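Numbering (the numbering used here), first residue to last: 2 to 151.
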């Protein structure tokens, strides 16, 4: 059975209950031990420079740290800033970032298959998400929302 330990090194409240991260870990990375750490922008920048040689604040970092163990680092302030651009709540976006990072630990690369899997998993834990559909409230030419039923 897999497990996840969660540490919050920020003053912000966690966006999602710890049990949800545990369920996602069991689904995506069975038999893995994952350390999930929430950090602020200074720590995220420091880790991004150290681990990847990049000098910007990332929303998420992930890496394998041992045999069937890995670490996922989420910058809560970056996640909160970026959530609205995906039409997600900060909670849903944190879950999305966790899923995204877990799939990278599993060995997946960016692409359509990964995007589809992320949406599928997220929909099981965050029912009201609209990830992948940024224009759902844009009016059509006749002034009605697209897909609206009379």
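Think of the CB as a built atom: it goes at the ideal place given N, C-alpha and C, for glycine as much as any other residue. Every value quoted in this text rests on a predicted model; they were computed, and no experiment measured them.
In the three-state reduction of the DSSP assignment, residue 72 falls in the strand class, which pools E and B. If you look at residue 65, you'll find it in the beta strand (DSSP E) that goes 61 to 67. By the Cβ criterion, the stretch 22 to 42 is in contact with the stretch 99 to 106, since at least three pairs of Cβ atoms, one from each stretch, lie closer than 8 Å.
Secondary structure of residue 20 (DSSP, three-state): helix.
Residue 34 is bridged by DSSP to 4 and 70.
For the pair of segments examined, the stretch 9 to 22 was found not to touch the stretch 48 to 63: the number of CB pairs separated by less than 8 Å stays below three.
Rounded to whole angstroms, residue 50 and residue 111 show a C-alpha spacing of 22 Å.
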